[in-house]
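>
Numbering (the working numbering), first residue to last: 1234 to 1390.
Here's what the structure looks like:
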């Protein structure tokens, strides 16, 4: 499913809408160039789950945990990862084994050390707007996303 969103505010709103449909344990990949809105989308997801503070990309720490009401989130940013093997040193398997939503920016940097995502979100520039492509592995989640998002956004495909 591919559609167009207008700005940062719409990106955050999309994150809130996606958050309402996520299971308590899932792996989400966020792809796209610098500045395309990956962290903004994460902010929307976290705010929908009850996070009130700031949301920054964990570019230097690699992972930022968020323990919210009844949900645990891990926000990874692998942009500065020098070698995928470094993920072993931070205990990536332990994070992924937990009952948590794991949001991974720049997942291609961790190839071979992280499994296939339940949901991949591709953000890209489309003039002054952004195009968003969702690739969902679960047919149940795909159906829920299609029902929730169709009609709210301009579909491109």
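We put the beta carbon where it would ideally sit given N, CA and C, even for glycine. Keep in mind that this is a model prediction, so the values were computed, not measured.
Going by alpha carbons, who is nearest to residue 1353 out of 1262, 1382, 1251 and 1254?
Comparing Cα-Cα distances from residue 1353 to each of 1262, 1382, 1251 and 1254, the minimum goes to 1262.
> Starting from residue 1325, trace the alpha helix (DSSP H) both ways and give me its first and last residue.
Its alpha helix (DSSP H) spans residues 1325 to 1330.
> I'd like the span of the beta strand (DSSP E) that includes residue 1235, first residue to last.
1235 to 1238 is the span of the beta strand (DSSP E), which, as asked, contains residue 1235.
> Any idea what DSSP makes of residue 1295, helix, strand or coil?
Residue 1295: coil per DSSP, three-state reduction.
> Taking the Cβ atom as the reference point for each residue, do residue 1364 and residue 1235 lie within a distance shorter than 8 Å?
Result yes, Cβ atoms of residue 1364 and residue 1235 sit closer than 8 Å.
> Can you tell me whether residue 1367 is helix, strand or coil according to DSSP?
Strand.
> Cβ atoms of residue 1264 and residue 1340: under 8 Å apart, would you say?
A contact, by the Cβ cut-off of 8 Å.
> What is the rounded straight-line gap between the Cα of residue 1332 and the Cα of residue 1259?
Each residue's Cα considered, the two are about 8 Å apart.
> Would you report the Cα separation of residue 1308 and residue 1274, rounded to the nearest angstrom?
Whole-angstrom Cα-Cα distance: 11 Å.
> Out of 1297, 1385 and 1374, which has the shortest C-alpha to C-alpha gap to residue 1257?
The residue with the shortest Cα to Cα distance from residue 1257 is 1374.
> Taking the DSSP output, what are the residues bridged to residue 1362?
In the DSSP output, where bridge partners are listed per residue, residue 1362 has 1359.
> Please classify residue 1291: is it buried, with 16 or more other beta-carbons within 10 angstroms of its beta-carbon, or exposed?
Residue 1291 is buried by the Cβ-count criterion.
> DSSP three-state call for residue 1354: helix, strand or coil?
It is a strand residue.
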